[in-house]
Structures are given as structure tokens and as C-alpha cells.
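Worksheet for the structure shown next.
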Amino acid sequence: MKLWEKGINPEPAIIEFTAGQDRTTDLALTKWDIIGSMAHVIMLGDVGLIAKDEKSELLKALHSLFRLNEEGKLALEEDVEDIHTQIEKEMGSILGTTGKKIHTGRSRNDQVLIDIRLCTREAADTLAHQIKELFDRLLSLSEQYKEVLLPGYTHMQPAMVSSFGLWFGSYAEFLADDMLLLSAARAMNNRNPLGTAAGYGTTLPLNRRLTTELLEFDDLLFNSAYASLSRGKVELAVSSALASVAQTLSRFSMDVCLYMGSEFRFID
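Residue numbers (our numbering): 22 to 289.
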């Protein structure tokens with residue numbers, strides 16, 4: 022039975038089209054769901070919403086689940102809707118009712134938001150490192166081939182004297198601009214939604230500054246309603262940055278293919 026079952030049985034094709042890959046995609050969030058829960062538990066203990074022994078038990082159980090996931094042994098069971106429910110089920114199996122206390126002062130909304138933002142940040146940082154490596158290589162090639170002449174084309178016609186150094190350098194600067202977009206998207210992403218609950222906050226005395234520090238966010242998402250409404254906005258910014266990088270690589274690849282063609286033969 023699904024978590025949000027309403028007694029309606031839609032056509033399987035509808036489920037497949039609208040949510041067919043959700044369970045598979047959820048597995049990518051497992052690590053971050055556990056890490057976010059760890060930070061939340063530490064905070065709950067710090068403000069006195071759970072006892073010290075409960076905090077210790079919860080963290081120990083979460084660490085064991087983290088190790089299982091790293092070993093590829095934490096599976097999403099067939100009758101479980103998503104990874105958040107799976108982890109809740111695992112915590113209940115290990116600790117009983119104590120396991121459910123990881124959701125004190127937390128809703129599925131901010132839980133999903135925290136997972137996506139942490140996962141996105143790691144992906145953005147990995148890409149930024151790869152872009153930096155390519156940027157450095159292009160800059161090195163620009164210097165190495167600055168004296169090697171190349172026709173400068175206008176509308177595919179030779180027009181000016183240019184060089185391979187200028188060509189390589191142009192794509193290095195392309196990537197520099199791409200990094201500006203990626204950095205801006207990362208900054209928008211790297212703000213903490215945890216503690217905003219279902220979009221309207223909570224009366225519990227949560228220490229959102231502590232979870233911000235523990236999870237290495239730059240700042241809070243201050244408005245609880247905006248935290249929920251930000252779904253899609255950050256993803257749009259990140260997608261735009263990725264599209265810009267893809268365009269740069271596409272243009273560079275096109276040039277390389279062209280220069281390797283029989284009409285040009287500039288590159289072996």
C-alpha cells in the first residue's frame with residue numbers, strides 16, 4: 022500500500038508516465054537523507070527535544086544505515102513508496118518508537134528539500150572541479166599554440182589571420198562565464214530549508230543555525246513558505262548553468278569535428 026493511498030486505482034500507464042522513475046531516482050538521495058537526518062538529530066538533542074541517550078541511539082542507527090548504503094546493501098523494498106519511508110521503516114525496526122523521533126519538528130517537505138539541495142551541491146562541486154581542469158588545460162594549450170596560425174573564419178570563409186592559441190583561449194573564457202552561472206546557482210542552492218516544516222514553520226524551539234553549520238550551508242532560507250515554494254526554482258537555475266556548459270562543449274566539439282574534416286585537416 023502506498024503512503025498516500027486514497028482507494029483509487031489509476032491506470033498503471035498513468036503511474037508509469039508520471040512517477041515511473043521516482044523510486045530509482047530516490048536511491049540517489051539515500052546518503053543525503055541519512056546525513057540530513059543526522060544533523061537534525063544532533064540539533065534535537067542540543068535543544069533538549071530528545072534525551073541524550075535517544076540522540077546517541079538514533080545517531081548509531083543512522084550510521085549503521087549509512088554504512089549499509091555505502092556497501093550497496095540498503096534497498097528500497099517493493100511495497101515502500103520512497104527512500105524517506107524506507108529509512109523511517111528501518112529506523113523503526115532498529116529502535117521501535119524511538120526511531121520515529123527523527124521526524125520531530127520536521128516534515129517530508131523540508132526533508133525532501135534538504136536531500137535535493139545536498140545532492141545538487143555535491144554534483145555542482147564535482148562539475149566545477151572538472152570545469153576547472155578543462156579550463157586549465159585550454160589555457161595551457163592557448164599558450165602552447167599561440168604562434169601556430171589558423172584562419173579566422175567569417176560565415177565559413179577565411180577572413181583574418183588567427184591562431185590556435187586564440188581559439189583555445191576563447192573556449193577557456195567560455196568556461197569562465199559558465200562558472201559564473203554555476204557559482205550563482207550553487208549559491209542559490211546552498212541555503213538551509215531544514216526546520217521550515219510543511220511550509221509554515223513550527224512552534225518547536227529548533228536551532229536552524231546549528232543545522233546550517235553542520236550541513237555546511239552558507240545561510241538559512243528565512244521564509245518558511247518560500248522554502249517549500251522554492252522547489253523548481255533552484256533546479257531551474259542549476260539546469261540553466263548546465264545548459265550553458267553543454268553549449269560550450271557542443272561548440273568546441275563542433276569546431277574539433279570541423280577542423281578534423283577533409284576540407285580543413287587542421288587536427289589529426
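No residue lacks a Cβ here, since even glycine has one placed at the ideal position from N, Cα and C.
Contact set for residue i: own chain, Cβ-Cβ below 8 Å, skip 5 residues either direction
{"i": "E168", "result": "S184, G186"}
{"i": "L139", "result": "W53, I56, G57, L236"}
{"i": "L80", "result": "M59, V62, I63"}
{"i": "E164", "result": "G186"}
{"i": "E78", "result": "L116, T119"}
Distance, residue j Cα to residue i Cα
{"i": "S271", "j": "E32", "result": "40 Å"}
{"i": "A218", "j": "D103", "result": "19 Å"}
{"i": "T119", "j": "I71", "result": "9 Å"}
{"i": "A262", "j": "L203", "result": "5 Å"}
{"i": "T45", "j": "A96", "result": "10 Å"}
{"i": "D199", "j": "V259", "result": "11 Å"}
{"i": "D289", "j": "S274", "result": "14 Å"}
{"i": "R142", "j": "Y280", "result": "36 Å"}
{"i": "E91", "j": "H84", "result": "11 Å"}
{"i": "L171", "j": "F287", "result": "8 Å"}
{"i": "H176", "j": "E284", "result": "15 Å"}
{"i": "R252", "j": "L134", "result": "8 Å"}
{"i": "G28", "j": "A34", "result": "17 Å"}
{"i": "K153", "j": "N210", "result": "20 Å"}
{"i": "K121", "j": "E109", "result": "7 Å"}
{"i": "N30", "j": "F156", "result": "53 Å"}
N- and C-terminal bounds of the alpha helix (DSSP H) containing residue i
{"i": "S183", "result": "Run containing S183: none in the alpha helix (DSSP H); it sits in the beta strand (DSSP E), 178-184."}
{"i": "Y280", "result": "254-281"}
{"i": "T147", "result": "129-165"}
{"i": "R230", "result": "229-235"}
{"i": "D67", "result": "51-67"}
{"i": "N90", "result": "73-91"}
{"i": "I108", "result": "104-116"}
{"i": "L97", "result": "Unbroken run through L97: none, as it is neither H nor E."}
{"i": "L250", "result": "245-250"}
{"i": "D47", "result": "43-47"}
Neighbourhood of residue i by C-beta distance below 7 Å, restricted to the same chain and skipping five residues each side
{"i": "L241", "result": "R212, N213, R229, T233"}
{"i": "F189", "result": "L159, L162, S163, Y166"}
{"i": "A180", "result": "G173, Y174"}
{"i": "L48", "result": "L97, I104"}
{"i": "T51", "result": "N90, L95, I104"}
{"i": "D136", "result": "L50, W53, D54, G57"}
{"i": "F238", "result": "N211, R212, N213"}
Cut-off 6 Å between Cβ atoms - residues of its own chain near residue i, not counting five sequence neighbours on either side
{"i": "R207", "result": "A145"}
{"i": "M22", "result": "Residue confidence is low: M22 scores 47 on pLDDT, short of 50, so the model does not pin down where it sits. No coordinate-derived value is stated."}
{"i": "L65", "result": "I71, T125"}
Endpoints, the beta strand (DSSP E) within which residue i is located
{"i": "G173", "result": "170-175"}
Inset, instruction - Tell me, please, whether the stretch 228-241 touches the stretch 189-204 by the rule of three or more beta-carbon pairs shorter than 8 Å. - result: No, the stretch 228-241 is not in contact with the stretch 189-204.
Legend entry - Inter-stretch contact (C-beta, 8 Å, three-pair minimum) for the stretch 127-137 and the stretch 149-157: Not touching, per the Cβ criterion.
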